[in-house]
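Right, one structure below, let's go through it.
Numbering (my numbering), first residue to last: 12 to 137.
Now the structure itself:
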């Protein structure tokens with residue numbers, strides 16, 4: 012008859028299967044995070060574009076100078092997914108000053124997103 016040693020070294024089949032199961036659960040959990048990361052990166056890219064477009068438009072408005080004319084209907088940037096409006100207010104400001112609010116609008120996954128950027132433009136005294 013065969014003599015089976017009771018203290019043999021190594022892993023049993025059940026230990027290997029359990030280890031692979033735990034490893035698989037960990038890998039699946041990590042893979043589940045990838046779509047969240049891609050979605051976050053895409054939203055961040057859109058917000059960055061909106062901020063850059065707003066900065067360029069705000070610089071144009073500053074270059075044109077006082078008085079700034081309001082643009083109530085949305086106007087497009089070079090990327091047609093983004094549009095903007097300009098609102099002007101003088102309430103509570105000194106004479107020859109305007110508060111300019113530049114609203115940037117875009118759609119992300121069919122839902123409207125917007126950011127407002129505010130500055131004050133004044134008329135320089137001669």
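From the three backbone atoms N, C-alpha and C, an ideal C-beta is built for every residue, glycine too.
Keep in mind that this is a model prediction, so the values were computed, not measured.
So the alpha helix (DSSP H) residue 35 belongs to, where does it begin and stop?
24-75
Report the three-state DSSP secondary structure of residue 93 (helix, strand or coil).
strand
Is it a yes or a no for the stretch 85-101 touching the stretch 116-125, going by three-plus beta-carbon pairs under 8 Å?
yes
Just to confirm before moving on: does the CB-CB distance between residue 82 and residue 111 stay below 7 Å?
no
Let me know the secondary structure DSSP gives residue 135 once reduced to three states.
coil
For residue 52, does the count of other Cβ atoms within 10 angstroms reach 16, so buried, or fall short, so exposed?
exposed
Put residue 128 into one of helix, strand or coil per three-state DSSP.
strand
Rounding to the nearest angstrom, what Cα-Cα distance links residue 73 and residue 135 in this structure?
12 Å
Buried or exposed for residue 87, going by 16 or more other Cβ atoms inside 10 Å?
exposed
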